[in-house]
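In this text, residue positions in the sequence shown follow full-length UniProt numbering: the first is 1, and each later residue adds one. Written out below as structure tokens is the structure these notes cover.
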Amino acid sequence: MADRKKLVLVGNGMAGVRAIEHLIKLAPDAYSITIFGAEPHPNYNRIMLSSVLAGGTDIKDIVINDWDWYSDNHIQLHAGHTVTKIDTKRKKVYSQQGIEVDYDVLVIATGSNPFMLPLPGANKEGVIGFRDIRDTEIMQETSQKYKKAAVIGGGLLGLEAARGLLNLGMDVSVVHINGILMNRELDEPAARMLQRELEAQGMKFLLSKQSAAITGRRRAKALQFADGSEVEADLVVMAVGIRPNIELAKASGIEVNRGIVVDDFMRTNVPDVYAVGECAEHRGIAYGLVAPLYEQGAVLAKLLAGVETAGYEGSVTSTKLKVSGVDVFSAGQFSEGPGTRALRIQDDVAGTYKKIVIKNGKLVGAVLFGDTADGAELFSIMKKGESIEGKEKELLLGFSPAAGGGGSSPASRLEAMADDEIVCGCNGVSKGDIADAVLNKGCNTLASIKGCTKASASCGGCKPQVEGLLKLYAGDAAGVPVKEGICGCTEHSRDEIVAAIKEMRLMSVKEVMNVMEWKNEEGCTKCRPSLNYYLGMLWPAEYKDQKESRFTNERYHANIQKDGTYSVVPRVYGGVTTPADLIKIATVAEKYDVPMVKFTGGQRLDLLGVKKEDLPKIWEELDMPSGHAYGKTLRTVKTCVGNTFCRFGTQDSIGMGIRMEKAYERMTAPAKVKLAVSGCPRNCAEATIKDLGVVAIDGAWELHVGGNGGIHVRATELLCVVKTEDEVMEWSSAYLQYYRENATWNERTAQWIERVGLDHVKKALEKREDRLALVERLEKTLSYTTDPWKEIVENKELRKNFEQLSGAQPVQG
Ligand SMILES: Cc1cc2nc3c(=O)[nH]c(=O)nc-3n(C[C@H](O)[C@H](O)[C@H](O)COP(=O)(O)OP(=O)(O)OC[C@H]3O[C@@H](n4cnc5c(N)ncnc54)[C@H](O)[C@@H]3O)c2cc1C
Ligand SMILES: NC(=O)c1ccc[n+]([C@@H]2O[C@H](COP(=O)([O-])OP(=O)(O)OC[C@H]3O[C@@H](n4cnc5c(N)ncnc54)[C@H](O)[C@@H]3O)[C@@H](O)[C@H]2O)c1
Ligand code: SF4
Ligand code: FES
């Protein structure tokens, strides 16, 4: 190590560490490396903070290089250390915590800071930017206590923040200074379509508004505007752009302008000092997206490794908004200017819009709304700068034959692409990397390529191209079928796994992984619980449930709350309770100081804030069955009053609902299952947004399936109309068992029916003998189930184990 040069990196973020990754590959023995990072985390994917906030991803899943990576590569990491001074003469850096390190080569990659509008009141509690893990946590925490949020800035970051806050249950107003959203990426028609779509999702907009002050005592209470109006806001998120973080460089005498000024090889004006990432300004531009920063990092790594390289010449950029349910893409020069021509196509019925901008016979910009499948292809054509003369209309109509277009075939385009061309800008993955994953590392599914290279793991914009390359290398030509594995640990699909478990009578998670040659021996949080479910579904009598493969809530038989306490929800069949049960609940709540007792949307009582150690005692004293308010099981059967009391009622909805709840109360399923029974078509139990909804009509019952009332609301579809309660049970059991046997783990009935189609389900259930066989299998399964609370309460060993389990590392869910 002694003859290695000393390299110090300031900034443990996306651009700097990416350059180091390259450097280590090119010249593993050339440098002894020290990294300073002001954040107390290993290097993580900042892009994915939007997904973390929206609830789709866990913080631990966005780590790019974990702690081990640093030690494995002999990198000295000072996480949580801010560098405060650089002495470029003595070649030393100094950290706030008093560490002093010599360098031969210094790389500055300090990123940007969010621009905080200097409004009166901007220093109040509840006013933040959206840049790092801490900001994300603050938003998550705030949403538990407060309900009103204002996001200033209707750009990419503001809209992604607003979507996340909506998912967290906040009432969100986006305040934008411009008259149209994403004015830096979209033209007016696309921006208006975007606004309509987001309004339908529940976002509110205050456009052309100039923020003037934040009011409130200690904490923000409202945001006031220059026109005198205001909006209530307990949380104000500023997303009005970023400023390169140049203070350290400036104070050290390094030349700065908007960013740290660098040449085509990322050299600053001071010898042996380089800058990459958002803090760097190259040919007058400081970029704010990862793709160009990764390109800069690649050039710097080659230079430092002594590998010949062309200089960095600047980048054309593209963006894709990461808000689920909305597809927006923008690239290059999206608005018309001198010497440009634009072609547009707008379909208000389908809700799609596409515009391409042409200059000197070349594609220079594009905006897509509603269908962004062509984005990656258009961007590739744009970057190559090839002539599109004579092909403009085809490009506008799209690449898919279904769209009526032709363009030049994407397959031949992919084939012609150079190996080092970047396909996934977010993760810096080239065509060559994907070829290597498919041809040499055995990846032949999108999931395994994602697992191996990270391509398509962030914004997803490159997915069509990654799929195209997968087909090119592993598809028809190679004779290997292209299929989707259930996760990055395996190439096997759900159906293959279920078939193998059946045929080979596999009986444990480990056995399945072993026989089916899992790439990752331990599996992951996706495959372990799904295998556990498939095994339990196929072998209800023989399979012993693997508690450690279940999510936290299912292991503790209670829902974990944000403060680490639990919630206890006893079963209340059909929402009908008794004075005796209410007394038991009240007594237990008082005895154990339960901070809150709340009615749930599923017509039962939730004891919130219960300490983990009190759980078995509370279950014992309640002496009521578990309501399974956690886990992938039957949750509730909501009922209306029905004909027992209601003058409109045509049937006994309460009786029907209780019968169903008693029958299915311990049924596990691929995902949670909610039922409802209404006594007449007025449908007070909201049966038509349930997984299975039963609605009484004159002399008969309608069975509705595949509904959902959550984030993606979906109305049910009518499965059948039957006359008797017994027939309701027969069809319901058959339908639920068919779903249990055929859906993918974690797939709600709504998604499942959308995927397979109602006709498929109807056909599977149309013959009585098939229905009865399904009913028999469900009944057999249910006959092996027991009440989990009772089991723990009555079994000393389990009770003890349960206590021990408390200390174990849970699978996050
Ligand atoms: C929520 C969100 C979503 C985004 N989504 C996208 C997207 O979809 N697509 C896209 O292309 N881009 C996206 N971006 C932008 C992208 O994350 C950035 O362009 C990228 O992270 C910049 O990388 P960087 O290394 O230059 O800076 P950073 O990743 O910010 O890293 C800089 C690091 O340096 C540290 N640091 C600063 N000063 C010091 C010091 N003096 N001493 C020690 N350490 C220091 C900082 O703490 C930071 O950890 C998003 C950004 C955010 C916040
Ligand atoms: N999906 C993605 O690619 C993605 C997602 C998030 C962030 N990012 C990047 O992160 C960086 C920060 O994002 P950003 O959205 O904050 O920056 P931005 O500069 O892209 O957008 C800021 C927006 O705020 C508006 N604005 C400016 N001053 C305002 C004011 N006083 N009141 C209301 N609105 C005002 C601007 O008109 C602009 O539309 C950017 O570089 C962005 O590209 C990218
Ligand atoms: S759904 Fe019909 S029967 Fe049930 S409460 Fe409403 S009106 Fe009465
Ligand atoms: S380009 Fe964003 S994930 Fe690939």
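C-beta atoms are modelled at their ideal positions from N, C-alpha and C, and glycine is treated no differently.
- T34 and V262 have their C-alpha atoms spaced approximately 22 Å apart.
- G155 has its CB nearer than 6 Å to a heavy atom of ligand 2.
- Bounds of the alpha helix (DSSP H) holding H760 are L758 to L765.
- With respect to the 7 Å criterion, E747 and A669 are not classified as neighbours on the basis of their beta carbons.
- Within the DSSP bridge table, the entry for G693 names A676 and H704 as partners.
- The stretch 353 to 371 and the stretch 387 to 400 touch, with three or more beta-carbon pairs separated by less than 8 Å.
- Counting only runs that start and end inside the stretch 408 to 477, the alpha helix (DSSP H) elements of at least 4 residues fall at 410 to 416, 431 to 440, 446 to 453 and 463 to 474.
- Exclusion of R740 from the 6 Å shell around ligand 3 follows from its C-beta lying no nearer than that to any non-hydrogen atom of the ligand.
- Shortest Cα-Cα distance from I133 to any of M170, L472 and R46 involves R46.
- Note: E125 is bridge-paired with R219 in the DSSP secondary-structure output.
- The C-alpha of S456 is placed about 39 Å away from the C-alpha of T600.
- Taking a contact as a CB-CB distance under 8 Å, the pair V367 and E197 does not count as one, their CB atoms being some 15 Å apart.
- Straight through space, the alpha carbons of G385 and G432 are spaced by roughly 21 Å.
- The DSSP-derived three-state label of A150 is strand.
- The beta carbon of V641 sits closer than 6 Å to at least one heavy atom of ligand 3.
- As computed with DSSP, N113 is found in a beta bridge with R243.
- In the DSSP assignment, the residues bridged to K359 are T340 and K362.
- With a cutoff of 6 Å, S458 counts as near ligand 4, since its C-beta is closer than that to a heavy atom of the ligand.
- Boundaries of the beta strand (DSSP E) around Y94: K92 to S95.
- V105 places its beta carbon 7 Å or farther from that of L9.
- R799 and W619 have their C-alpha atoms some 12 Å from each other.
- The C-beta distance from T636 to G602 rounds to 3 Å, short enough to meet the 8 Å contact threshold.
- Residue pairing of Q224 in beta bridges, as defined by DSSP: A213 and E230.
- The closest heavy atom of ligand 1 lies less than 6 Å from the beta carbon of T110.
- Note on K638: 16 or more other CB atoms within 10 angstroms of its CB, so buried under the neighbour-count rule.
- Contact fails between the stretch 364 to 383 and the stretch 428 to 448, because fewer than three Cβ pairs, one in each stretch, are under 8 Å apart.
- Linking E125 to T136 through their CA atoms gives a straight-line distance of about 15 Å.
- In this structure the stretch 532 to 548 lies against the stretch 769 to 786, because at least three pairs of beta carbons, one per stretch, are closer than 8 Å.
- DSSP places Q546 in no beta strand (DSSP E); its state is neither H nor E.
- For a cut-off of 8 Å, the C-beta gap from A663 to A676 is around 15 Å, too long to register as a contact.
- Among the bridge pairs identified by DSSP, G332 is matched with G365.
- For N559, DSSP records a beta bridge to S567.
- A distance below 7 Å separates the beta carbons of N245 and N113.
- In the DSSP assignment, K5 forms a beta bridge with Y31.
- Judged by DSSP secondary structure, R768 falls within the alpha helix (DSSP H) whose first and last residues are R768 to S783.
- Contact annotation, G488 with G451: C-beta distance approximately 2 Å; criterion of less than 8 Å satisfied.
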